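A short write-up of the structure that comes next.
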Amino acid sequence: MAAIDGGAAFLRTLAAAERRLAAVQALSARRRRVRRPRIATGSLAVLIPGALALAAATGGGPGGVLVGVGLAVAALSLAACVALLLRIERPLNRRFVEEERTMIEEVNRMRELFTHVAERDRWEERLKRSVRERLSRFPVEGGSFR
Numbered sequence: 142m143a144a145i146d147g148g149a150a151f152l153r154t155l156a157a158a159e160r161r162l163a164a165v166q167a168l169s170a171r172r173r174r175v176r177r178p179r180i181a182t183g184s185l186a187v188l189i190p191g192a193l194a195l196a197a198a199t200g201g202g203p204g205g206v207l208v209g210v211g212l213a214v215a216a217l218s219l220a221a222c223v224a225l226l227l228r229i230e231r232p233l234n235r236r237f238v239e240e241e242r243t244m245i246e247e248v249n250r251m252r253e254l255f256t257h258v259a260e261r262d263r264w265e266e267r268l269k270r271s272v273r274e275r276l277s278r279f280p281v282e283g284g285s286f287r
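So, in structure tokens, the structure goes:
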């Protein structure tokens with residue numbers, strides 16, 4: 142974290158935090174996009190064997206080849222679900238949490254220093270309003286992108 146020793150440094154830090162906010166929002170959107178295929182593959186892995194078991198229980202079950210193909214597709218779906226979770230989603234979640242935590246720490250520090258810096262540098266009311274509005278775009282301590 143850079144030292145905020147004046148108004149110019151405060152505004153530079155705020156601009157950097159806004160860039161980080163955009164990056165966190167992009168990571169959040171990517172997490173949602175990754176989660177959809179994982180849910181779809183996991184659903185297939187559950188639904189296919191369920192449908193095969195239901196068909197077998199009603200007596201009009203599919204042939205042996207169809208059961209084998211269905212179970213193979215279910216197994217591949219399960220493997221894809223696990224691969225998406227372990228290889229893509231978990232690292233993405235870790236990165237998201239770290240970026241969000243860093244951003245919130247920086248912005249909380251800026252919120253604490255805002256009044257002091259504005260008074261010391263004798264900021265105009267228009268600039269104070271603008272900075273307050275920019276700071277209000279950030280989540281507070283717990284985060285809001287989850």
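Mapped onto the working numbering, the consecutive letters of the sequence shown carry residue numbers 142 to 287.
Note that the Cβ used here is the ideal one computed from N, Cα and C, for glycine as well.
Please read these numbers as outputs of a predicted model, since none were measured by experiment.
Rounded separation between residue i and residue j - CA only
i    : j    : result
L291 : S184 : This structure cannot speak to residue 291, because the chain is shown only from 142 to 287.
E247 : A158 : 7 angstroms
G147 : H257 : 10 angstroms
E290 : L152 : Since the first residue of the chain shown is 142 and the last is 287, residue 290 is not available in this structure.
R270 : A186 : 54 angstroms
L227 : A167 : 20 angstroms
L188 : V210 : 14 angstroms
R242 : V223 : 27 angstroms
V272 : F255 : 8 angstroms
P190 : V206 : 14 angstroms
R267 : S277 : 15 angstroms
Three-state class that DSSP yields for residue i in the structure shown
i    : result
T199 : coil
P190 : helix
V281 : coil
G205 : helix
I145 : coil
Residues near residue i in its chain [Cβ-Cβ closer than 7 angstroms; skip 5 each side]
i    : result
V208 : L193
A221 : T182
P178 : L225
P232 : none
E240 : R161, A164, V165, L168
Cβ shell of residue i (< 8 angstroms), same chain only, five flanking positions each side left out
i    : result
M244 : A158, R161, L162, V165, F279
| said: Which runs of the beta strand (DSSP E) at least 3 residues long sit entirely within the segment 252–276? Give them in chain order. | reply: None, since the segment 252–276 contains no complete beta strand (DSSP E) of that length.
| task | Pick out the complete alpha helix (DSSP H) segments inside the segment 148–184, 4 residues or longer, and give them in chain order. | result | The segment 148–184 contains no whole alpha helix (DSSP H) run of 4 or more residues.
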